[in-house]
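J.:
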Amino acid sequence: MYYLSLLADISFSGYIAIYKFVPFVLLFYLWLLLVNWVHFDTKAVQTDTMKWVSIITVGGLLAMCLWLFVPVFIIGFSSYLLLMITTIMVYVIHRNSLVADFEKVLTLNHIKGLLSNESAKIEKAARGFSFVTANGNPVDIPDPKTKEAYGFKTACYLLDDAIWKRAEIIKITPGEEEYKVKYVIDGLRNDADPIETEEMPYLLYYLKQLADLDVEEKRKPQTGKFQTKKDGDKASWHITTAGSREGEHITIKKDVQFSLMSFAELGFESDQIEELKTLKDTPKGLFLIAGTKSSGLTSCHYTLLRNHDPFLNSINTLEKSPAGDVQSIIQNVYDPSEGMSYAERLKALIRRGPDIVGVFDCNDPETAKAACEASKKKLIYVSMESKTALKGLAQWIKMVGDKDDALESLIGLASSHLVRRLCEECKEEYIPNPGTLKKLSIAPERVKSLWRPGDIEYTRGGKPILCENCQGQGYKGRVGVYESFVINEEVRKELLAAKSIKEISASLKRNGMQFFQERLTQKISDGSTSINEMIRVLKVLNG
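When the letters of the sequence shown are read in order and numbered with the working numbering, they come out as residues 2 to 544.
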């Protein structure tokens, strides 16, 4: 009983103050989380991980020791907070200086972002887009505040703008302060909104992932593909990246579905179509087709071949990179790994006995001579890169090596060009200046009025009101302009007798061939294109 009374008299004094211990434990764990965050963040922003983890760790330990050894709790607690906040802010200021504005932390925008619905924001930034990888896998909208999310936003803006403006190609090149963006629209380069240098790593990272490219490779060229979907419309894109001293260059090209067209759909005039149809029953000879890259040369070549009945003729082609599949024509693709030259491959094809052969991309003397020899027994269509039909003929004669051999079996010439078509919604009619018409060799009495792109109107606030059909370009799509001429025996005799290209040109003109400028004049007269477009194209061809 005595001991029980002693126990009853014992009172327990408090060794730990709960109101002091709980904040200490909470702040200790927050400090551990902070060290862990700094560890990963330093790697993300590419700064010295060991240095900053050590600073945060040592700073936290010093702050805790100060808190524990200062006898007055409130003073120790305040000292701890002051030292920790100072240490954290030193790192935050440093890491914010290394990243783009949208990646900075503890800024006003960052705090607002934390309080807002970031998922809703990124869905809005998607603009209705969804992506499909090179492997055919659909891609979900990325989580907010991730590397993928920043690249996703920029990719959606870029591609949405490019599609609306009908861009066929997007070219992105590094500049001094920002990346320059150009759209190729209807064959012409147009400036687009630049991309901030800080945004490019995220855009590249996202696009490379989509296209199944190596995200770490920044120097060697890489090529891949991906798809976009919006409002039920699908588009396939090819992306090429290549490094340079300034940074990576990016080209994004939209896949345009290949389609075969008739002479009329290509843009040939009715008199040209009638003349070219006379070749249907021609058993042998050589028809030469000239054109530059992206001038409609390949489509023109295919249409000339399809002018013949495939059920009555065996039609073959020799191509380096076919634009697409052509029904009823046997397409042979040249493969250098087979160990044969292009000319040898052509000779092997001729030995199979086709009636008609289309030789694409003929640019060497050996192939030209082989085609020329084959044309004595077969009908051969040869396409080559040259600005006009006449320049192509001069080039052909040089490659064959003998004018008589080059012209002996020549049955026709053609050249292909594309010019921008005036927008039907906003083009305007006007009365042209007679002096301007004379300079362009257009008879003023033949033209009463012409057409040109309409003027852009503006709101009271100065904002342009763009045509929804052409997006303010003034042009939409392109139309073909062709030189063509079928050579008969009488004309061939004149050409063989000619002593120079100048005399050949005069002979062709005398016998009724209309050259490019004359054919383009017809497109201007019927309102298909404008004088300014004519001047631009002639400058390129004569340059």
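A virtual CB, placed ideally from N, CA and C, is assigned to each residue, including glycine.
Provide the residue(s) that pair with P445 in DSSP beta bridges, ordered along the chain.
T.: Working through the sequence shown from its first residue, we reach residue 445 at position 444. Answer is none; P445 lacks a bridge partner.
J.: Quick one: measure Cβ to Cβ for P454 and L423, integer angstroms, because I've assumed they're closer than 8 Å.
T.: In the sequence shown, counting from the first residue as 1, residue 454 sits at position 453. In the sequence shown, counting from the first residue as 1, residue 423 sits at position 422. That belief holds up - the Cβ atoms of P454 and L423 are roughly 7 Å apart, short of 8 Å.
J.: Going straight from the alpha carbon of D144 to that of Y203, what length do you get?
T.: For the purposes of this step, residue 144 is taken as the residue at position 143 of the sequence shown. For the purposes of this step, residue 203 is taken as the residue at position 202 of the sequence shown. D144 and Y203: Cα-Cα distance of roughly 14 Å.
J.: With I316 and I357 assumed to form a contact (beta carbons below 8 Å), what rounded beta-carbon distance in angstroms separates them?
T.: Indexing the sequence shown from 1 puts residue 316 at position 315. Indexing the sequence shown from 1 puts residue 357 at position 356. Yes, they are in contact, since the Cβ atoms of I316 and I357 sit about 5 Å apart, within 8 Å.
J.: If I measure Cβ to Cβ from G325 and keep anything under 6 Å in the same chain, skipping five residues before and after, which residues do I get?
T.: Taking the sequence shown and counting its residues from 1, the one referred to as residue 325 is at position 324. Cβ neighbours of G325 beyond the five flanking positions: F259.
J.: Measure the CB-CB distance between V360 and L347 and report whether it falls below 8 Å.
T.: If you number the sequence shown from 1, residue 360 lands on position 359. If you number the sequence shown from 1, residue 347 lands on position 346. Going by C-beta atoms, V360 is nearer than 8 Å to L347.
J.: Mapping the DSSP letters down to three states, classify Q228 as helix, strand or coil.
T.: Here residue 228 refers to the residue found at position 227 when the sequence shown is read from its first residue. Q228 falls in the strand class under three-state DSSP.
J.: Have a look at W238 and P435 and give me their C-alpha separation to the nearest angstrom.
T.: Residue mapping note: residue 238 aligns to position 237 of the sequence shown, counting from 1. Residue mapping note: residue 435 aligns to position 434 of the sequence shown, counting from 1. If you take the alpha carbons of W238 and P435, they lie about 46 Å apart.
J.: Is the distance from the Cβ of K172 to the Cβ of K183 below 8 Å?
T.: Working through the sequence shown from its first residue, we reach residue 172 at position 171. Working through the sequence shown from its first residue, we reach residue 183 at position 182. Closer than 8 Å, so yes.
J.: Helix, strand or coil, according to DSSP, for V492 in the structure here?
T.: Position 491 of the sequence shown, counting from 1, holds the residue named residue 492. V492: helix per DSSP, three-state reduction.
J.: Beta-carbon within less than 8 Å of K21's beta-carbon, same chain only, minus the 5 sequence neighbours each way: which residues are those?
T.: Sequence index remark: in the sequence shown, residue 21 carries index 20 (1-based). Answer for K21: F74, listed in chain order.
J.: Measure the alpha-carbon distance for I170 versus S322 and round it to whole angstroms.
T.: Position 169 of the sequence shown holds residue 170. Position 321 of the sequence shown holds residue 322. Cα-Cα distance, rounded: 19 Å.
J.: Under the rule that 16 or more other beta-carbon atoms within 10 Å means buried, what is W38, buried or exposed?
T.: As a first step, residue 38 must be located in the sequence shown, where it is residue number 37. Answer is exposed; the Cβ neighbour count stays below 16.
J.: Buried or exposed: where does K500 fall if 16 or more other Cβ atoms within 10 Å of its Cβ makes it buried?
T.: Residue 500 sits at position 499 when you count from the first residue of the sequence shown. So K500 ends up on the exposed side.
J.: Assuming L414 contacts F486 (C-beta within less than 8 Å), just tell me the rounded distance between them.
T.: Position 413 of the sequence shown holds residue 414. Position 485 of the sequence shown holds residue 486. Contact flag correct, Cβ pair sits at about 5 Å.
J.: Is it buried or exposed, E534, if we count other Cβ atoms within 10 angstroms and call 16 or more buried?
T.: Here residue 534 refers to the residue found at position 533 when the sequence shown is read from its first residue. By the 10 Å Cβ count, E534 comes out buried.
J.: Pick from P355, R520, D336, K166: whose alpha carbon is nearest that of A193?
T.: The residue labelled residue 193 in the question sits at position 192 within the sequence shown. It is K166 whose Cα lies nearest to the Cα of A193.
J.: Please report the distance separating the alpha-carbon of N97 from that of E249.
T.: Position 96 of the sequence shown, counting from 1, holds the residue named residue 97. Position 248 of the sequence shown, counting from 1, holds the residue named residue 249. Going from the Cα of N97 to the Cα of E249 covers about 24 Å.
J.: Which runs of the alpha helix (DSSP H), 4 residues or longer, sit entirely within the region 91-166?
T.: Runs of the alpha helix (DSSP H) inside the region 91-166: 109-116, 119-126, 148-165.
J.: Based on DSSP bridge pairs, tell me the residues matched to E275.
T.: Counting from 1 along the sequence shown, the entry for residue 275 is found at position 274. In DSSP, E275 forms no bridge with anything.
J.: Measuring straight from C-alpha to C-alpha, what distance separates K439 and F269?
T.: Taking the first residue of the sequence shown as position 1, residue 439 is located at position 438. Taking the first residue of the sequence shown as position 1, residue 269 is located at position 268. Cα-Cα distance, rounded: 25 Å.
J.: Does DSSP classify G455 as helix, strand or coil?
T.: What you label residue 455 is simply residue 454 of the sequence shown in a count that begins at 1. DSSP places G455 in coil when its eight states are reduced to three.
J.: State the Cα-Cα distance for the pair K44 and M51, rounded to the nearest angstrom.
T.: If you number the sequence shown from 1, residue 44 lands on position 43. If you number the sequence shown from 1, residue 51 lands on position 50. Their Cα atoms are separated by approximately 10 Å.
J.: Distance check for L28 and I11, CA to CA, integer angstroms please.
T.: Walking along the sequence shown from the start, residue 11 turns up at place 10. Walking along the sequence shown from the start, residue 28 turns up at place 27. Below a pLDDT of 50, predicted positions are generally treated as unreliable, and I11, at 45, falls in that range; no measurement from the model is reported.
J.: Have a look at S417 and K219 and give me their C-alpha separation to the nearest angstrom.
T.: Sequence index remark: in the sequence shown, residue 417 carries index 416 (1-based). Sequence index remark: in the sequence shown, residue 219 carries index 218 (1-based). Each residue's Cα considered, the two are about 39 Å apart.
J.: What residue does the alpha helix (DSSP H) around E534 start on, and which one ends it?
T.: Here residue 534 refers to the residue found at position 533 of the sequence shown. Start and end: 532-543.
J.: With a threshold of 16 other CB atoms inside 10 Å of the CB of C373, please say whether the residue is buried or exposed.
T.: Taking the sequence shown and counting its residues from 1, one reaches residue 373 at position 372. The residue is buried, with at least 16 neighbouring Cβ atoms inside 10 Å.
J.: Among K209, L350, K221, which residue has its Cα nearest to the Cα of E149?
T.: Position 148 of the sequence shown, counting from 1, holds the residue named residue 149. Among K209, L350, K221, the Cα nearest to that of E149 is on K209.
J.: On the DSSP bridge assignment, give the partners of K255 in chain order.
T.: Counting from 1 along the sequence shown, the entry for residue 255 is found at position 254. DSSP, once it has assigned bridges, lists W238 as partnering K255.
J.: Would you report the Cα separation of Y158 and R128, rounded to the nearest angstrom?
T.: Counting from one through the sequence shown, the residue named residue 158 turns up at place 157. Counting from one through the sequence shown, the residue named residue 128 turns up at place 127. Rounded to whole angstroms, Y158 to R128 spans 8 Å at the Cα level.
J.: Which full runs of the alpha helix (DSSP H) of 4+ residues lie inside the region 11-77, going along the chain?
T.: The region 11-77 contains these whole alpha helix (DSSP H) runs: 19-45, 50-70.
J.: Quick check on Q223: buried or exposed, where buried means 16 or more other Cβ atoms within 10 Å of its Cβ?
T.: To locate residue 223, count along the sequence shown from 1; it is residue 222. By the 10 Å Cβ count, Q223 comes out buried.
J.: Extract the residue ranges of the beta strand (DSSP E) inside the region 303-331, only unbroken runs of 3 or more that lie entirely within it.
T.: Fully enclosed beta strand (DSSP E) runs of 3 or longer: 316-320.
J.: Let me confirm a value: C1 is counted as buried when at least 16 other C-beta atoms fall within 10 Å, else exposed. Which label applies?
T.: It is not possible to answer for residue 1, since the shown part of the chain is limited to 2 through 544.
J.: So T557 is in the alpha helix (DSSP H); what residue range does that whole segment cover?
T.: Nothing about residue 557 can be reported from this structure: the residues present for the chain run from 2 to 544 only.
J.: With a CB to CB cut of under 8 Å and the five nearest residues on each side skipped, what residues in its chain are close to S508?
T.: Taking the sequence shown and counting its residues from 1, one reaches residue 508 at position 507. Answer for S508: V492, E495, L496, A499, listed in chain order.
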